[in-house]
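Inspection log for the structure reproduced underneath, given as structure tokens.
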Amino acid sequence: MTEEPYRWLEAIANRREYVREQLKAGTPVFAASLTDGILLLGVGSGQSKVFELFDRHALAGLGHPADIERIRQAAIDLAHLESFTRAAEDVTLRRLVGFGLSAQLKSAFEQIYSAPFLVELLFAELGSDPARDCLARLHADGTFQVHQGGVLVCTGDPEAERAAQQWLRDQLPPSRPRSEATELLLEAWWCLVHHRTFAEQLPQEPERRAGWRSATQGRTVELAWLNRTAAKPARFEPLRLEQVGLATAASPPPG
Amino acid sequence: MIAGDFLSLLAQAHGAILPPTVPTGAPVQTQATTVFAFHCAAGVLVAGDRRATAGNQIVTDRVEKVLELDPTSLLAIAGVPAMAFEMARVLQTSFEYYRRSQLQTLSLAAKVRALARLLRENLPMTLQGVGVVVPLFAGVDTAAAPPAPHIYFYDPLGAQFHAVNFAASGSGATTIRSILSFQDRYGQPRPPQMTRPQAVQFALQLLSVAAEFDSATGGVDPQTQSYATLKLLTPAGIQTVADSEQAQALSAP
Numbered sequence: 001m002t003e004e005p006y007r008w009l010e011a012i013a014n015r016r017e018y019v020r021e022q023l024k025a026g027t028p029v030f031a032a033s034l035t036d037g038i039l040l041l042g043v044g045s046g047q048s049k050v051f052e053l054f055d056r057h058a059l060a061g062l063g064h065p066a067d068i069e070r071i072r073q074a075a076i077d078l079a080h081l082e083s084f085t086r087a088a089e090d091v092t093l094r095r096l097v098g099f100g101l102s103a104q105l106k107s108a109f110e111q112i113y114s115a116p117f118l119v120e121l122l123f124a125e126l127g128s129d130p131a132r133d134c135l136a137r138l139h140a141d142g143t144f145q146v147h148q149g150g151v152l153v154c155t156g157d158p159e160a161e162r163a164a165q166q167w168l169r170d171q172l173p174p175s176r177p178r179s180e181a182t183e184l185l186l187e188a189w190w191c192l193v194h195h196r197t198f199a200e201q202l203p204q205e206p207e208r209r210a211g212w213r214s215a216t217q218g219r220t221v222e223l224a225w226l227n228r229t230a231a232k233p234a235r236f237e238p239l240r241l242e243q244v245g246l247a248t249a250a251s252p253p254p255g
Numbered sequence: 001m002i003a004g005d006f007l008s009l010l011a012q013a014h015g016a017i018l019p020p021t022v023p024t025g026a027p028v029q030t031q032a033t034t035v036f037a038f039h040c041a042a043g044v045l046v047a048g049d050r051r052a053t054a055g056n057q058i059v060t061d062r063v064e065k066v067l068e069l070d071p072t073s074l075l076a077i078a079g080v081p082a083m084a085f086e087m088a089r090v091l092q093t094s095f096e097y098y099r100r101s102q103l104q105t106l107s108l109a110a111k112v113r114a115l116a117r118l119l120r121e122n123l124p125m126t127l128q129g130v131g132v133v134v135p136l137f138a139g140v141d142t143a144a145a146p147p148a149p150h151i152y153f154y155d156p157l158g159a160q161f162h163a164v165n166f167a168a169s170g171s172g173a174t175t176i177r178s179i180l181s182f183q184d185r186y187g188q189p190r191p192p193q194m195t196r197p198q199a200v201q202f203a204l205q206l207l208s209v210a211a212e213f214d215s216a217t218g219g220v221d222p223q224t225q226s227y228a229t230l231k232l233l234t235p236a237g238i239q240t241v242a243d244s245e246q247a248q249a250l251s252a253p
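Chains as they are written, first to last, in this note's numbering: chain A, 1 to 255; chain B, 1 to 253.
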């Protein structure tokens, strides 16, 4: 079948559709570059969406847990080997994603007789200031985009992802406090999960705030912080909502 | 390959971790001495002088011999720095690699054995007498309730020993062990009862006395801003004793 070019194209198109269909139910993850660090957020079942990779590097993703795990492990292996053979400063996201992971994903995607990776991923690298932060978006087919700072959204729906990302970039300059940034990301998460538009009919702030609090009941808000101001080499810090001054519906905010 | 084991990964990618042999007639090696650790009221104080020597030459008086491997582990090195620093780097990477890949921290027992494994792999260098490393290890047993710091010492072949109250290694170790043993038996206060200022002052006195009897041990000299490396390992983590605190301890009665 694959000897015929159009059949191969058809097979790839089917594969793309299959991946997209499989990732539909996945809930989005976010990264936001702020003055004192990079905030990563996902809503899952605990240590299933946001992970530490290396001293200044983190990963957030959605998809099949086994596939996220394979990519996470590959990224950790690459980063630690590079750090040991050269230096920690030589571990860069651009090389990690561009030369390491992207090729693996592309190769798996085009092996049409084996299962593709069912993942959509984002990576964060902490710089010396927000303008030097590096955020990368890696897709299941191996394509990737690298951004300097800003906000990155990762979902299984490209159009909703673009809209959410634009809205968050408008709302979330790096100077925004971490607690406000967390709440905005959770509002965007709620809008994406409940298919609310980011255009004119965007629900009002009180509705968005009540929405995420209600929707995260019984789930784990996975929050991590790459701390720019810490003196230690490992900058990744898992956070609880209470640590950023937020509470879920089960524990409403004071006052 | 063992899951979460950085040495397996490294061997797979690059072959041998440490060079297996050296040619005979190797140059005079740099040596680093003296390190020790003892229990005090706040935890375990790990100390090292800062001198490195090669034969009768002083190479430098600014070596850091007490190294932080992770937030709850310290390695104090005595012997050939070239091998010791490489071992420290392997361990630092191994512990972090395990924690990140396995999403849990390595147990204290496994950390202690990881160092023993490196010493055993260094056996050819040790037998040739050009790469001997005799380190001390201090780590917090986080699985215990309450978490408690422990001291381990090794022989050059990799045998590991749990130190009850104190341990010392390097060319000044004989002097230091004698004083620590005396203080532990007859002193007032005994080291495990010492407060942090008392422990810091005692550690500096130990190094000064060792330097009197061993030319390879660097002492402490406030006039040249030459202080020791002192780190306090507590159940909550590692605290570095700053030069200013050492100067204060030296001037205290």
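In this text, a Cβ means the ideal position worked out from N, Cα and C, and glycines have one as well.
Short of 9 Å Cβ to Cβ, which residues in the stretch 45–73 of chain A face chain B? Gln47, Phe51, Glu52, Leu53, Phe54, Asp55, Arg72, Gln73
Give the single residue among A:Glu52, A:Leu118, A:Asp133 whose Cα lies nearest to the Cα of Glu125 of chain A. Taking the first residue of the first sequence as position 1, residue 125 of chain A is located at position 125. When each option's Cα is compared against that of Glu125 of chain A, the closest is A:Asp133.
Alpha-carbon to alpha-carbon, Asn14 of chain A and Val244 of chain A: Your numbering for residue 244 of chain A matches position 244 in the first sequence. Your numbering for residue 14 of chain A matches position 14 in the first sequence. Each residue's alpha carbon lies about 43 Å from the other.
For a cutoff of 7 Å on Cβ pairs, would you count Ala11 of chain B as touching chain A? Your numbering for residue 11 of chain B matches position 11 in the second sequence. With 7 Å as the cut-off, Ala11 of chain B does not count as an interface residue toward chain A.
Just tell me which of A:Leu223, A:Trp8, A:Ser114, A:Arg196 has its CA closest to the CA of Arg262 of chain A. Here chain A covers residues 1 to 255 and nothing more, so residue 262 of chain A does not appear.
Pro28 of chain A, DSSP secondary structure in three states: What you label residue 28 of chain A is simply residue 28 of the first sequence in a count that begins at 1. Pro28 of chain A: coil per DSSP, three-state reduction.
For Gln148 of chain A and Glu52 of chain A, the rounded distance between their alpha carbons: Residue mapping note: residue 52 of chain A aligns to position 52 of the first sequence, counting from 1. Residue mapping note: residue 148 of chain A aligns to position 148 of the first sequence, counting from 1. Each residue's alpha carbon lies about 20 Å from the other.
Classify Gly55 of chain B as buried or exposed, calling it buried when 16 or more other Cβ atoms lie within 10 Å of its own Cβ. Within the second sequence, the letter at position 55 stands for residue 55 of chain B. That one is exposed.
For Thr34 of chain B and Thr217 of chain B, which I take to be in contact (beta-carbon distance under 8 Å), what is that distance rounded to the nearest angstrom? As a working mapping, residue 34 of chain B is identified with position 34 in the second sequence. As a working mapping, residue 217 of chain B is identified with position 217 in the second sequence. The pair is a contact, with the Cβ atoms about 5 Å apart (cut-off 8 Å).
Against chain A, with Cβ distances strictly below 7 Å, would Tyr97 of chain B count as a contact? Working through the second sequence from its first residue, we reach residue 97 of chain B at position 97. At least one chain A Cβ lies under 7 Å of Tyr97 of chain B.
Return yes when the Cβ of Tyr152 of chain B is within less than 7 Å of the Cβ of Pro135 of chain B, no when it is not. Within the second sequence, the letter at position 135 stands for residue 135 of chain B. Within the second sequence, the letter at position 152 stands for residue 152 of chain B. Against a cut-off of 7 Å, the Cβ pair of Tyr152 of chain B and Pro135 of chain B comes out as no contact.
Inside the stretch 81–156 of chain A only - alpha helix (DSSP H) runs reaching at least 4 residues: 102–110
Which of the three DSSP states, helix, strand or coil, is assigned to His162 of chain B? In the second sequence, residue 162 of chain B corresponds to position 162, counting from 1. The answer is strand: DSSP assigns His162 of chain B an E or B state.
How many Å lie between Ala75 of chain A and Ala168 of chain B at the Cα? Within the first sequence, the letter at position 75 stands for residue 75 of chain A. Within the second sequence, the letter at position 168 stands for residue 168 of chain B. So the two alpha carbons sit approximately 40 Å from each other.
Apart from the five residues just before and just after Ala264 of chain A, which ones in its own chain have a Cβ nearer than 7 Å to its Cβ? Nothing about residue 264 of chain A can be reported from this structure: the residues present for chain A run from 1 to 255 only.
Does Ile238 of chain B pass the burial test, meaning 16 or more other C-beta atoms within 10 Å, or should it be called exposed? Counting from 1 along the second sequence, the entry for residue 238 of chain B is found at position 238. Ile238 of chain B is buried by the Cβ-count criterion.
Please state whether DSSP places Asn227 of chain A in a helix, a strand or coil. By one-based count along the first sequence, residue 227 of chain A stands at place 227. Three-state result, Asn227 of chain A: strand.
Using the rule of at least 16 other Cβ atoms within 10 Å of the residue's Cβ for burial, across every protein chain shown, is Gln12 of chain B buried or exposed? In the second sequence, residue 12 of chain B corresponds to position 12, counting from 1. By the neighbour-count rule (16 or more Cβ atoms within 10 Å), Gln12 of chain B is not buried but exposed.
Going straight from the alpha carbon of Arg213 of chain A to that of Leu119 of chain B, what length do you get? Residue mapping note: residue 213 of chain A aligns to position 213 of the first sequence, counting from 1. Residue mapping note: residue 119 of chain B aligns to position 119 of the second sequence, counting from 1. Whole-angstrom Cα-Cα distance: 54 Å.
Can you find the residues in the same chain that come closer than 6 Å, C-beta to C-beta, to Pro253 of chain B, ignoring five residues on each side of it along the sequence? Residue numbering aside, residue 253 of chain B sits at position 253 when the second sequence is read from its first letter. Correct list: empty, nothing qualifies.
Which value, in whole angstroms, describes the spacing of the CA atoms of Ile259 of chain A and Gly156 of chain A? Look at the range of chain A in this structure, 1 to 255, and you will see that residue 259 of chain A is not part of it.
With a threshold of 7 Å between beta carbons, is Thr93 of chain B in contact with chain A? Within the second sequence, the letter at position 93 stands for residue 93 of chain B. So yes, Thr93 of chain B belongs to the interface.
What residues match up with Ser33 of chain A in a beta bridge as DSSP calls it? Position 33 of the first sequence, counting from 1, holds the residue named residue 33 of chain A. Beta-bridge pairing links Ser33 of chain A to A:Ile38.
Members of the stretch 175–190 of chain B near chain A, C-beta cut-off 9 Å: none
Whole angstroms are fine: how far does the CA of Gly79 of chain B sit from the CA of Arg113 of chain B? Along the second sequence, read from residue 1 onward, the residue named residue 113 of chain B stands at position 113. Along the second sequence, read from residue 1 onward, the residue named residue 79 of chain B stands at position 79. Their Cα atoms are separated by approximately 19 Å.
Listed by chain order, chain A residues near Ser101 of chain B by CB distance under 9 Å: As a first step, residue 101 of chain B must be located in the second sequence, where it is residue number 101. Within chain A, the residues near Ser101 of chain B are Arg72, Gln73, Ile76, Asp77, His80.
With DSSP run on the structure shown, which of helix, strand or coil describes Gly219 of chain B? Within the second sequence, numbered from 1, the residue matching residue 219 of chain B stands at position 219. Coil, per DSSP.
Inter-residue Cα distance where the pair is Pro254 of chain A and Ala210 of chain A: Residue mapping note: residue 254 of chain A aligns to position 254 of the first sequence, counting from 1. Residue mapping note: residue 210 of chain A aligns to position 210 of the first sequence, counting from 1. Since pLDDT at Pro254 of chain A reaches only 42, below the 50 mark, its modelled position is unreliable, and the value read off the structure follows with that caveat. Using only the alpha carbons, I get a separation of about 15 Å.
Where do the N-terminal and C-terminal ends of the alpha helix (DSSP H) with Leu322 of chain B fall, by residue? For residue 322 of chain B there is no data in the structure shown, the boundaries of chain B being 1 and 253.
With a cut-off of 8 Å, do at least 3 Cβ pairs link the stretch 97–113 of chain A to the stretch 55–63 of chain A? no
Just curious, the beta strand (DSSP E) that Val140 of chain B is in, first and last residue? The residue given as residue 140 of chain B occupies position 140 in the second sequence. That run of the beta strand (DSSP E) goes 136–141.
Is the beta carbon of Val63 of chain B closer than 7 Å to that of Arg50 of chain B? Numbered from 1 along the second sequence, position 50 holds the residue referred to as residue 50 of chain B. Numbered from 1 along the second sequence, position 63 holds the residue referred to as residue 63 of chain B. Yes, Cβ-Cβ distance for Arg50 of chain B and Val63 of chain B is below 7 Å.
Determine the DSSP secondary structure at Gln104 of chain B, reduced to helix, strand or coil. Locating residue 104 of chain B in the second sequence gives position 104, counting from the first residue. In this structure, Gln104 of chain B counts as coil in the three-state DSSP scheme.
Using a beta-carbon distance below 7 Å, is Phe84 of chain A in contact with chain B? Reading the first sequence from its first residue, position 84 is the one you call residue 84 of chain A. Yes, because at least one Cβ of chain B sits closer than 7 Å to the Cβ of Phe84 of chain A.
Got a sec? Which residues, its chain only, sit under 6 Å from Val91 of chain A by beta carbon, not counting five neighbours each side? Counting from one through the first sequence, the residue named residue 91 of chain A turns up at place 91. Cβ neighbours of Val91 of chain A beyond the five flanking positions: Phe54, Ala79, Glu82, Ser83.
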